[in-house]
Structure formats: structure tokens, C-alpha cells
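I have placed the structure first, in the form of C-alpha cells, so that the comments after it can refer back to it.
In the working numbering, the protein residues as written are 11 to 294.
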């Protein structure tokens, strides 16, 4: 004999099943949250240990102070002092002579740092770090950004610059400390000293490592640089000697032509490109 189940009972049964499923989902989420909290207990259990907060604060402070720092490849006004590749042709067809000479010259000025808008008494302690950044960028520009063909053109010229090889690029690292001072300007010993290490790779990216005296806590900052280059070619400029003879077509028989190609390199470290992670970087 068949037993028929009414529709209302079917709906009640479905409602019970849905309720059970929701209960199980909530139980699983609660268990996951509990496990995550338990995992982090060891990480944040040192609530009275100021070293962790000192290391974290030092990392964030240095990032804020270097935010928007910009390196440009020229001195002063980069529009008037760029990296310059100069091509010059001289000719002399007078007196039966037929002389043509080509010369090439590459000028790479030292760069400078700009956008130091966050200058403060704290920033004065970063002068050594900024000096290292400027030094390393000046070493990288000729290798990374100057076209190889420019070196090829000038290689037979007197006093020609040569393209650096990777082994000639110094691997620069710089170590410094950050100390917290009290209201009287004295070191506050309860916060300890934070040791910092700076490294720049061949792409202008910055790696900063911060740790306390016993290295129990470590924070690593990896900062990807934003690099842009601009190459421009000027129109040739001709110079003719006044009073010199011209040929039957009216062309001057003596003169010179100069053409400039300029390069500007800009490297910027924007805080949005920072990745901060816990733990000291290996081989930093």
C-alpha cells in the first residue's frame, strides 16, 4: 500500500535540511576562525615586548620618509643637463682638399635626488642612505639605460666611455640603526635599537630589512622602482664659415653639422609599490 506525503510536509523537510546545512557552514567557519586565531597567538602574544612594535614602526617610518623619492639622470635642471650623445661632421673642400671627419661624444652627468618634500629632523639621519641610493643609481644608468649603439659609435673616439659590464656594477649594501628618543632627546632604552640594512638590485628596486638586537623580530620591505626613460633627437644644426667659396650649385665648401640625441632617466619610489613582509630576507 502506498503512502502519500503531502506537499506541506515536503516543504518542512526541505526547510530542516537547509537549516542543517547553514548550521554546518557556520560551524566550519567558526572552527576556521578559531584555528586562525590560535595560529596567530604565538605571533602577537608578546604584547609587552616593545621590540616588535619598534621594528614595525621603524620600517613604516623609513617608507614614509623615502616615499616619492626621485632620481633623475641629470644635474640641476634635467632638461638642460641630460645624458647627451653628440654627432658632429666637419667638411673642407677648399684649396683642392677633400676632407670629411665624423666625431661622436657621449656625456653622462651625475644624477640627483629630488622630491625631498618630507624633510625633517628625522630625515637628517637618512643622509647616508640617500647618498648610497644616489651613488648606486649613477652606476646603474650607463649600464641599464644608455643604448648600446651609442657606445659602439664612440668606441674609437679619444676619451671614449665604455659600457660597464655587469661585474663592474658594485653590489651596494648599507647598514644603519634607528633609535627611539624620549622627550629630552635621549635614547629610550625600553624600545631598543632597530638594525636596518639597505640593498639595491640591478633594476633600481630597493630591499630594506629591519630587526631588533636579537633578531627575534624581522620586517622586510621590498620596494619596486618605477623607471621611465625619454630619448629625443634634435634637428641637425649647420655652421658655415663666412666668406668661404661655394661650388657651382651654391653649396658652401667648408662647414660643420651637429646633431644631438638626449636621454633622461627618472626613477621613482612610490609607497604604493611597497611589499612589507615578516621575516628577514635571505642573503639580503
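Glycine residues also receive a C-beta, built at the ideal position from the N, C-alpha and C atoms.
Whole angstroms are fine: how far does the CA of residue j sit from the CA of residue i?
i	j	result
residue 70	residue 95	41 angstroms
residue 279	residue 92	21 angstroms
residue 282	residue 235	10 angstroms
residue 79	residue 139	12 angstroms
residue 246	residue 212	35 angstroms
residue 170	residue 159	13 angstroms
residue 111	residue 188	59 angstroms
residue 61	residue 287	16 angstroms
residue 124	residue 239	16 angstroms
residue 264	residue 118	31 angstroms
residue 227	residue 207	14 angstroms
residue 100	residue 113	9 angstroms
residue 178	residue 156	16 angstroms
residue 75	residue 229	17 angstroms
residue 273	residue 231	31 angstroms
residue 167	residue 237	30 angstroms
residue 164	residue 151	17 angstroms
residue 220	residue 161	40 angstroms
residue 210	residue 136	16 angstroms
residue 203	residue 82	33 angstroms
residue 147	residue 77	17 angstroms
residue 233	residue 186	18 angstroms
residue 184	residue 269	41 angstroms
residue 141	residue 284	21 angstroms
In terms of alpha-carbon separation, which member of the options lies closest to residue i?
i	options	result
residue 262	270, 269 and 250	250
residue 121	145, 113, 114 and 137	145
residue 276	64, 205, 241 and 104	241
residue 243	222, 267, 266 and 271	271
residue 149	222, 220, 174 and 285	174
residue 176	82, 115, 153 and 285	153
residue 267	102, 72 and 180	102
residue 222	214, 205 and 237	205
residue 116	172, 248 and 239	172
residue 248	82, 285 and 97	97
residue 181	167, 214 and 163	214
residue 143	285, 216, 269 and 284	216
residue 72	285, 269 and 218	218
Hey, could you find the ends of the alpha helix (DSSP H) residue i is sitting in?
i	result
residue 269	No alpha helix (DSSP H) contains residue 269, which is instead part of the beta strand (DSSP E) from 264-279.
residue 143	137-154
residue 163	158-164
residue 62	60-76
Hey, quick one: how far does the beta strand (DSSP E) through residue i stretch, first residue to last?
i	result
residue 94	93-102
residue 239	236-243
residue 171	Per DSSP, residue 171 belongs to no beta strand (DSSP E) and is neither H nor E.
residue 250	247-250
residue 112	109-117
residue 184	183-189
residue 287	284-288
residue 122	122-124
Could you tell me whether the Cβ of residue i comes closer than 8 angstroms to any Cβ of chain C?
i	result
residue 91	Of the protein chains in this structure there is only one, and it is not chain C.
(request) Inspect the CB distances between the segment 60-67 and the segment 99-114 and report whether three or more fall short of 8 angstroms. (result) no
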